[in-house]
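Before any comments, here is the structure.
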Amino acid sequence: MAAVPQSQADDAGLYFPSLDGFRGFAFMGIVAAHVFQLWEGVEIPWQLKLPNLLVHCAWAGIDAFFVLSGFLITGILLRLRGRERALRLFYFRRTLRIFPPYYALLLVLFAWLAWSAGDWRAPFEPARLSYWVYLHNFAISAQGWDAFRPLSHLWSLAIEEQFYLLWPLLVLMLPIGRLRWVLFGFLLFAPLLRLAMTLQGSSYVPVYVLLFTRLDALAGGALTALMAATPEGRARLGRWGPRMVAASLVVILAFYLLRHGYLLDDPLVQVVGYSVNIVGAVGVLTSLAFAPRTLGLRGFFAWSPFRWLGNRSYGGYLYHWPIAIVVHQWLLPLGMTPLWSLVDTMLLTTALTLLAAETSWRLIERPCLALRHLYPSQAKRVDIAPPLAG
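Residue numbers (full-length UniProt numbering): 1 to 390.
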């Protein structure tokens, strides 16, 4: 979130329960997509044809997590503008939220691998250091998915951490007008870079996993946060949101009809489709947050089980893919039919992932978040940045 981004309730400011719920709902979609991916090449039973069709475009959901992250984090940074030691406060709180469960996963996994057979250890060996320093996406870009499969899903977290090395400085220091132009530049640069890489015959993998080719998703969320800083902007976003969702769905349907699917390795999808995903993600975000009428969707996503999932989705995202791979390896030798293999893998992976997410929340994440009081957020305001209207 995203990569799964941190909870919006982590910092003071606007809180949208439906966005927490949407993140939880989308997280379960990612789990389902990855389980289906494990059975790639197996004949899908007819009972699961429609779910398989849907989850094969679930990769587009990663743009929703990037957009949501850009929106929430930029909103936090905007509220910190003008505060003493704002940058230190931001990184202190982000460190408490992001690092403990991430490094706990690495420590447990590598400790277990130290005692495991070579077949389990081999996929982790290439560029092992990249996991620890959030450069995993560059390693995948160079060597492909298979070399890093058990932790390959961490590439999206690497993109976010790379982006947030520089972005907070820009938000806190630049005038808002100049910040908008920076974001417009990101929105233009990323698709042009994807086009150039595609024309040069690049594999879809670097286009998918590198920061500079995904800048527009984070920038789309950040620009939405800038617009939402005023009542007029929020009203405008509320009107535009449903139209953006409808437009993106029409384009995605056209891809299905004209190009036989919305496929990750389709060059046109890489260049245009990512931008379509961003438009749709911004539309969903702004509809849930600001639209006057949502046909019950705001209440649906604000449902407490979805919000429960949303609050635990970061830990769940960290653990779900290693769990799914282990479950798949357990069930593979049993010789079950494809239908029951998929169903059992889905149920067991979901149950174990939710158990791991709740354990992580109670033992790691919530205790670390309780340390936020060590660095109070209500620091004295100083004139280090112009007001939002600047």
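The beta carbon of each residue, even a glycine, is placed where N, CA and C say it ideally should be.
### Query
If we ignore side chains and look at the alpha-carbon of each, how far apart do residue 314 and residue 177 end up?
33 Å
### Query
Nearest-angstrom Cα distance between residue 285 and residue 22?
Looking at the two C-alpha atoms, the distance is approximately 9 Å.
### Query
Taking DSSP as the reference, what is the three-state secondary structure of residue 83?
strand
### Message
Tell me which residue opens and which closes the alpha helix (DSSP H) that residue 243 is part of.
### Response
231 to 259
### Query
residue 111 to residue 367, Cα distance in whole Å?
23 Å
### Message
By alpha-carbon positions, which one of 173, 250, 100 and 201 ends up nearest to residue 371?
### Response
Restricting attention to 173, 250, 100 and 201, the CA atom closest to the CA of residue 371 is found in 100.
### Task
Determine the closest residue to residue 211 out of 227, 190, 228 and 200, with distance taken between C-alpha atoms.
190
### Query
Quick one: Cα of residue 277 to Cα of residue 358, how far?
If you take the alpha carbons of residue 277 and residue 358, they lie about 30 Å apart.
### Task
Go through its chain and collect everything with a Cβ distance to residue 162's Cβ below 7 Å, but skip five positions before and after it.
134 and 211
### Query
Thinking C-beta only, is residue 301 closer than 8 Å to residue 288?
yes
### Message
Does residue 333 come out as helix, strand or coil in the three-state DSSP assignment?
### Response
helix
### Query
Hey, residue 70 and residue 220 are a contact pair by Cβ (cut 8 Å); roughly how many whole angstroms apart?
7 Å
### Query
Out of 169, 208 and 233, which has the shortest C-alpha to C-alpha gap to residue 142?
208
### Query
Hey, how far is the Cα of residue 104 from the Cα of residue 15?
28 Å
### Message
Whole angstroms are fine: how far does the CA of residue 351 sit from the CA of residue 52?
### Response
20 Å
### residue 89 to residue 335 span [Cα, whole Å]
Rounded to whole angstroms, the gap between the alpha carbons of residue 89 and residue 335 is 54 Å.
### Query
With DSSP run on the structure shown, which of helix, strand or coil describes residue 203?
coil
### Message
Am I right that residue 31 and residue 349 are in contact with their C-beta atoms under 8 Å? What's the rounded C-beta distance?
### Response
7 Å
### Query
What span of residues does the alpha helix (DSSP H) with residue 43 cover, start to end?
Element bounds for residue 43: n/a, residue is neither H nor E.
### Task
Keeping to the same chain, check which residues put their C-beta closer than 6 Å to that of residue 44; ignore five residues upstream and five downstream.
52
#### Entry: Alpha-carbon to alpha-carbon, residue 84 and residue 169
14 Å
### Query
So is residue 237 in contact with chain B if we call contact Cβ pairs under 8 Å?
Checking the listed chains, one finds no chain B in this structure; it contains a single protein chain.
#### Entry: Where residue 115 sits in the DSSP three-state scheme
Three-state DSSP puts residue 115 in coil, outside helix and strand.
### Task
Would you mind giving the Cβ-Cβ distance between residue 35 and residue 356, rounded to the nearest angstrom? I have them listed as a contact below 8 Å.
15 Å between Cβ atoms; not a contact.
### Query
What number of angstroms, rounded off, separates the C-alpha of residue 242 from the C-alpha of residue 231?
18 Å
### Query
Between residue 375 and the rest of its own chain, which residues show a CB-CB distance below 6 Å, the 5 nearest in sequence each way excluded?
89 and 92
### Message
One question on the structure: do residue 132 and residue 342 come within less than 8 Å of each other, judged by their Cβ atoms?
### Response
no
### Residues of its chain near residue 312, where Cβ-Cβ distance is below 7 Å and the 5 sequence neighbours each way are ignored
357, 358 and 361
### Message
When you compare the CB positions of residue 237 and residue 171, do they come within less than 8 Å of one another, or not?
### Response
Judged by beta-carbon spacing, residue 171 lies beyond the 8 Å limit of residue 237, meaning their Cβ atoms are not closer than that value.
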